[in-house]
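*Asks:* Have a look at the structure that comes next, please.
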Amino acid sequence: MTFQYGLPLILIFEKGVRQEGIYAFGIAPFTILTWDSEVRTLLMLSLTVSRWKEILQNWAAEVRGGYYIQTQPEFEYMNND
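Numbering-wise, the sequence shown is residues 5 to 85 according to my numbering.
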């Protein structure tokens with residue numbers, strides 16, 4: 005339903021799960037995050053967190069942009085003084 009309304013989607017898959025069909029990388033117009041539940045080291049965790057943060061911020065910007073487009077007025081008032 006969300007896709008039909010043109011809203012940005014984000015999918016989170018666990019590492020190791022087969023991604024085929026519509027969920028295959030590059031086919032669907034979704035932002036796809038891969039979650040690795042096996043990450044234990046602090047360095048890998050910090051790299052993963054910064055990557056997730058960037059992707060989530062980009063997705064939030066898409067949501068804001070879509071909201072702006074859907075709520076902007078049909079026309080702008082112009083002052084002809």
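For glycine and all other residues, C-beta sits at the position ideal for the given N, C-alpha and C.
Please read these numbers as outputs of a predicted model, since none were measured by experiment.
1. Does the distance from the CB of residue 19 to the CB of residue 40 come in under 7 angstroms?
2. If we ignore side chains and look at the alpha-carbon of each, how far apart do residue 10 and residue 66 end up?
3. How is the beta strand (DSSP E) around residue 86 delimited, first residue to last?
4. Near residue 36, what residues of its chain come up, given a Cβ to Cβ distance below 6 angstroms and the 5 sequence neighbours on each side ignored?
5. Given residue 70, which residues of its chain have a CB within under 8 angstroms of its CB, disregarding the five upstream and five downstream residues?
6. Using the Cα positions of residue 55 and residue 43, report the straight-line distance between them to the nearest angstrom.
7. Could you compute how far the alpha carbon of residue 8 sits from the alpha carbon of residue 22?
8. Check for me: the beta strand (DSSP E) holding residue 18 runs from which residue to which?
*Replies:* Working from what's here:
1. Between residue 19 and residue 40, the C-beta gap is smaller than 7 angstroms, which places the two residues in contact.
2. Rounded to whole angstroms, the separation of the alpha carbons of residue 66 and residue 10 is 11 angstroms.
3. What the structure shows of the chain is the stretch from 5 to 85, and residue 86 is not part of that stretch, so it cannot be assessed.
4. Short of 6 angstroms from the beta carbon of residue 36, and not among the five residues preceding or following it, lie these beta carbons of its own chain, in chain order: 15.
5. The beta carbon of residue 70 sits closer than 8 angstroms to the beta carbons of 10, 11 and 12 from its chain, once the five residues preceding and following it are set aside; these are given in chain order.
6. Approximately 14 angstroms, taken between the alpha carbons.
7. Their backbone Cα atoms lie some 25 angstroms apart in a straight line.
8. From DSSP, the beta strand (DSSP E) with residue 18 extends over 14–18.
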